[in-house]
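Worksheet for the structure shown next.
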Amino acid sequence: MATLIDNAKRARQLARAIASDLTLYHEAKILEGIANDTLFDVMSEEIEEGRELFKSRVKPEIYELNIYDRAIVDVLVKSKGHVKSKIW
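Position 12, counted from 1, in the sequence shown is what this note's numbering calls 174; the numbers after and before it change by one each time, with no gaps.
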């Protein structure tokens, strides 16, 4: 078994990589979710799958820092600020 990540910087890199993969493989769903203000509903399964992967790779004290959630907002939401939506 691989050593768990115990460094916040490495954990942020992992979280952003997972979020980037979600964007890469589910772009249409993300755009639809932002446009209709249903992003977290339409992407709930994928986001939770990513969360479980992240949790399995980091130490519990690192997981508790909400690094994954911040990466989801930064990568899935903030990077799509150009999408027409009633949420902004």
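Yeah, the Cβ is synthetic: ideal placement off N, Cα and C, and Gly gets one too.
Point to revise | Supposed contact pair Ala-177 and Tyr-230 - C-beta distance, whole angstroms, cut 8 angstroms | key: With 8 angstroms as the limit, Tyr-230 and Ala-177 qualify as a contact, their Cβ atoms being about 5 angstroms apart.
Check your understanding: How many whole angstroms separate the CB atoms of Ala-233 and Ala-181, which I take to be in contact at a CB cut-off of 8 angstroms?
Key -> Contact holds; Cβ gap of about 4 angstroms.
Review point. Would a C-beta distance cut-off of 8 angstroms place Leu-238 and Thr-200 closer than the cut-off?
Key: The criterion of a C-beta distance shorter than 8 angstroms is not satisfied by Leu-238 and Thr-200.
Review point. Expressed to the nearest angstrom, what Euclidean distance is found between the alpha-carbon atoms of Asn-228 and Phe-216?
Key: Taking the straight line from one Cα to the other gives about 11 angstroms.
Practice item. Under the assumption that Ala-251 contacts Ile-209 (Cβ atoms under 8 angstroms), give the Cβ distance between them as a whole number of angstroms. Key: Nothing about residue 251 can be reported from this structure: the residues present for the chain run from 163 to 250 only.
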